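The next block holds one structure in the form of structure tokens; read it before the comments.
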Amino acid sequence: MTDTTARIRELNLYRQYFDLVTAGDKTIEVRVKYPHLADLAVGDIIRFRIKGTDETYEVKVKRVTEYPDFEALLDGEGATNINPTATRDEQLVNIRTIYPPEKETLGALAIEIEQLQNCI
């Protein structure tokens, strides 16, 4: 018998991105391919949390795609799916502010997400 229970991952998210996710406007989450995310899979649940608060929102992973860097990720996924309020170049600057160059060398993950019903 196999365990089909979805794994729940907790990830922090800045308020501006949290709001885009809860509104359904952000469908791709960008992360560095840290070892703890290497086995992230379709069907997993991500519980986004605004750091320092009790505010959370859960989404389901639809797809995980690995890219060598953030530029390739933005080009492959389309900037509007990641943040419809910023240009591609603005997003690249923002992402690299969050993740320094040595982190980007680990690889970049595009995580396609979908809202779960009755989340908020």
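To convert a position in the sequence shown, counted from 1, into our numbering, add 284. Cβ coordinates follow ideal geometry from the N, Cα and C atoms, glycine included. Note that the coordinates shown come from a computational prediction; the quantities given were computed from them, not determined experimentally.
Next item on the list: Within the same chain, show all residues whose beta-carbon is closer than 6 Å to that of I334, passing over the 5 residues directly before and after it, in chain order.
Entry: When the five nearest sequence neighbours on each side are left out, the beta carbons in the same chain lying within less than 6 Å of the beta carbon of I334 are those of R299 and F302, in order along the chain.
Next item on the list: Take the Cβ of L400 as the centre, count every other Cβ of all protein chains shown within 10 Å, and call the residue buried at 16 or more, exposed below.
Entry: exposed
Next item on the list: Put I404 into one of helix, strand or coil per three-state DSSP.
Entry: In this prediction, I404 scores a pLDDT of 47, lower than 50, which makes its location untrustworthy; the coordinate-derived value is nonetheless stated afterwards. Of the three classes helix, strand and coil, the one that applies to I404 here is coil, per DSSP.
Next item on the list: Decide if R315 is buried, meaning its Cβ has at least 16 other Cβ atoms within 10 Å, or exposed.
Entry: buried
Check: Taking three-plus beta-carbon pairs below 8 Å as touching, is the segment 385-401 in contact with the segment 348-362?
Finding: Result yes; three or more Cβ-Cβ pairs closer than 8 Å.
Next item on the list: Can you tell me which of the three DSSP states I379 falls into?
Entry: helix
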